[in-house]
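Novice:
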Amino acid sequence: MHFNRAVFIDEDFLPLPTARPIRVVGTEPALVALYRETGSVAQISRFIRRNGIRHPAFVSGGLEVEVING
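Following my numbering, the numbering of the sequence shown begins with 763 at its first residue and continues without gaps.
(1) For Arg785 and Glu773, what's the separation of their Cα atoms in angstroms?
(2) With a CB to CB cut of under 8 Å and the five nearest residues on each side skipped, what residues in its chain are close to Asn831?
(3) Hey, would you say Val827 sits closer than 9 Å to Ile815, going by beta carbons?
(4) Sort His764, Val787, Met763, Val769 by Cα distance to Ser822 and report the nearest one.
(5) Go ahead and pull the three-state DSSP assignment for Glu799.
Listed below in structure tokens is the structure:
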């Protein structure tokens with residue numbers, strides 16, 4: 763016999779990170795675009811991978827990319 767049981771946890775959790783689109787105005791390095799939007803470059807590898815950036819030194823102007831907050 764299989765019993766299911768619901769467990770409620772009453773704790774505060776941090777909100778999940780959210781992604782938002784930005785448009786790169788001019789050609790610039792990925793580091794610059796990420797820093798301008800988030801104030802940090804700690805997640806540069808994730809930013810490059812998520813947006814399929816082949817040459818991180820040259821992100822084309824007019825390109826829309828996603829930035830993760832958090």
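In this text, a Cβ means the ideal position worked out from N, Cα and C, and glycines have one as well.
Specialist: Straight from the coordinates:
(1) A straight-line Cα-Cα distance of about 37 Å links Arg785 and Glu773.
(2) Excluding sequence neighbours, Asn831 sits near Pro779, Thr780, Ala781, Arg782, Thr800.
(3) The Cβ-Cβ distance between Val827 and Ile815 falls below 9 Å.
(4) The shortest Cα separation from Ser822 among His764, Val787, Met763, Val769 belongs to Val787.
(5) Three-state DSSP puts Glu799 in a helix.
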